[in-house]
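Have a look at the structure below before the remarks.
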Amino acid sequence: MGKRQAGITAGELIAELEADPEHQARRREREAAADEEHAVLREVEKPVVADLAAIGVEVDSPWNLYRDPDARARAVPVLLDHLDRDYPDMLSHVLSHVAVREHYDDLLSFLSDESLGSTRISFIRPVNRIGNRIEQGKGRQVIEGLVDHPQLSAEARAVLAGRSRNS
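For the sequence shown, my numbering assigns the number 837 to the initial residue and increments by one for each residue that follows.
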């Protein structure tokens, strides 16, 4: 693929990229890597999905819990049970999205559990959100206590500044 000419249309660029063997090879590599990652994630999720089904929460992935708001609260104990297994990153992120007021104390205990390492980043935003709904400034006070934490400080500062990569 040579230099793009001034005035090339989007359609012409797309046609050029479709005809470029190097571009197509890179695209196939990216797609294959994404497919492999998706397959690994589906395999890892199977025990969680099975345990959710055992309590009547039918989802093909924990990521789909958002589709059934009534199931979210019932799903939290299952997610908590799986949290300390071999796939905490995925579950901590899902859990952070389904946690509600009654899980606030659990979220606080996760934040203080050093054995969870950087996976605790996923709990900073919900602790702030839920805590502030319980009592004005309650969540913020917890997050302010994390601004000097070696693993959590960047996210804590981002949340306090009103921005966060963990949304």
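Think of the CB as a built atom: it goes at the ideal place given N, C-alpha and C, for glycine as much as any other residue.
Query - Candidates Gln987, Arg921, Leu915, of which the one nearest Glu950 by Cα - result: The sequence position of residue 950 within the sequence shown is 114, counting from 1. The residue with the shortest Cα to Cα distance from Glu950 is Gln987.
Query raised in the report: Out of curiosity, what's the CA-to-CA distance linking Arg976 and Gly967?
Result: Looking up residue 976 in the sequence shown gives position 140. Looking up residue 967 in the sequence shown gives position 131. Cα-Cα distance, rounded: 7 Å.
Query raised in the report: Just reading off the alpha helix (DSSP H) that Gln977 is part of, what are its end residues?
Result: Start at 1 with the first residue of the sequence shown, and residue 977 comes out as number 141. For Gln977, the enclosing alpha helix (DSSP H) starts and ends at 974-980.
Report task. Pull up the distance between the alpha-carbon of Arg863 and that of Ala994, whole angstroms please. Result -> Residue 863 sits at position 27 when you count from the first residue of the sequence shown. Residue 994 sits at position 158 when you count from the first residue of the sequence shown. One alpha carbon belongs to Arg863, the other to Ala994, and they sit about 34 Å apart.
**Report entry** Rounded separation between Arg866 and Pro857 - CA only
**Finding:** As a working mapping, residue 866 is identified with position 30 in the sequence shown. As a working mapping, residue 857 is identified with position 21 in the sequence shown. Taking the straight line joining both Cα atoms gives about 14 Å.
Report task. Using alpha carbons as the reference points, say which of Ile891, Pro913, Ser928 lies closest to Trp899. Result -> Position 63 of the sequence shown, counting from 1, holds the residue named residue 899. Ranking the options by Cα distance to Trp899, first place goes to Ser928.
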